[in-house]
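**Q** Numbered continuously in the working numbering, the sequence shown closes out at residue 202.
Using N, Cα and C, we set each Cβ at its ideal position, and we do this for glycine too.
Pasting in a structure now, in structure tokens, and then I'll have a few things to ask.
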Amino acid sequence: MLKRLFRWQKGRQKSGYQKMLVMGAYWAIKFDVYLLKFPEGSEVPEHIDEVSSGRHFRLNLVLKKANKGGEFICQSPLYESNRIKFFRPDCCVHAVTKVEQGNRLLLSIGWIRR
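In structure tokens:
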């Protein structure tokens, strides 16, 4: 985990977004905090984030919206507002539409409850 701390990496979906690990832990409650950067042209296709056990929760805080596109889509979020997206990525299909103009930045906090 320390090798990834404060370094930009390609996102898991290999769709143009980048992520930077800000903090995380494997003990007590497994959690991670990432900055996610979506440059123009990036998007995330529909998917589910599988976990081996427990329930996965994620809270995304939109720090900067794209000028056009880059909208979060989730079939059944637990809570959603203009800047706050709270959902279960392990059982809810979710995606981000293509960023057509500008870029998008968010703080993503995830944890797994056993």
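Near Ile117, which residues of its chain fall below 8 Å by C-beta distance, leaving aside the five closest residues on each side in sequence?
**A** In the sequence shown, counting from the first residue as 1, residue 117 sits at position 29. Closer than 8 Å at the Cβ level, and outside the excluded window around Ile117, lie Trp199, Ile200, Arg201.
**Q** Residues in its own chain within less than 6 Å of Ser196 by CB, not counting five upstream and five downstream?
**A** To locate residue 196, count along the sequence shown from 1; it is residue 108. Result list for Ser196: Tyr122, Leu124, Asn148, in chain order.
**Q** Taking C-beta to C-beta, are Tyr105 and Gly112 nearer than 8 Å?
**A** Residue mapping note: residue 105 aligns to position 17 of the sequence shown, counting from 1. Residue mapping note: residue 112 aligns to position 24 of the sequence shown, counting from 1. Going by C-beta atoms, Tyr105 is not nearer than 8 Å to Gly112.
**Q** Would you tell me roughly how many angstroms separate the C-alpha atoms of Ser169 and Leu194, rounded to the nearest one?
**A** Mapped onto the sequence shown, residue 169 falls at position 81. Mapped onto the sequence shown, residue 194 falls at position 106. Using only the alpha carbons, I get a separation of about 14 Å.
**Q** For Val226 versus Phe126, is the C-beta spacing smaller than 8 Å?
**A** Because the chain is modelled from 89 through 202, residue 226 falls outside the range shown and cannot be assessed.
**Q** Kindly indicate which three-state DSSP category Pro133 falls into: helix, strand or coil?
**A** For this step, residue 133 is matched to residue 45 along the sequence shown. It is a strand residue.
**Q** On the DSSP letters alone, give me the boundaries of the beta strand (DSSP E) that Asp120 sits inside.
**A** Within the sequence shown, numbered from 1, the residue matching residue 120 stands at position 32. That run of the beta strand (DSSP E) goes 118 to 126.
**Q** Assuming the contact rule is C-beta atoms closer than 8 Å, Glu131 and Ser103 should be a hit. Round their C-beta distance to whole Å, please.
**A** Residue numbering aside, residue 131 sits at position 43 when the sequence shown is read from its first letter. Residue numbering aside, residue 103 sits at position 15 when the sequence shown is read from its first letter. The Cβ separation is near 5 Å, so the contact holds.
**Q** Please list, in chain order, all residues of the same chain as Phe174 whose beta carbon is under 6 Å from its beta carbon, the five residues on each side excluded.
**A** If you number the sequence shown from 1, residue 174 lands on position 86. Here the set comprises Leu147, Leu166, Tyr167.
**Q** Report the residue from Lys152, Arg176, Pro177 whose alpha carbon sits nearest the alpha carbon of Asn191.
**A** The sequence position of residue 191 within the sequence shown is 103, counting from 1. The shortest Cα separation from Asn191 among Lys152, Arg176, Pro177 belongs to Lys152.
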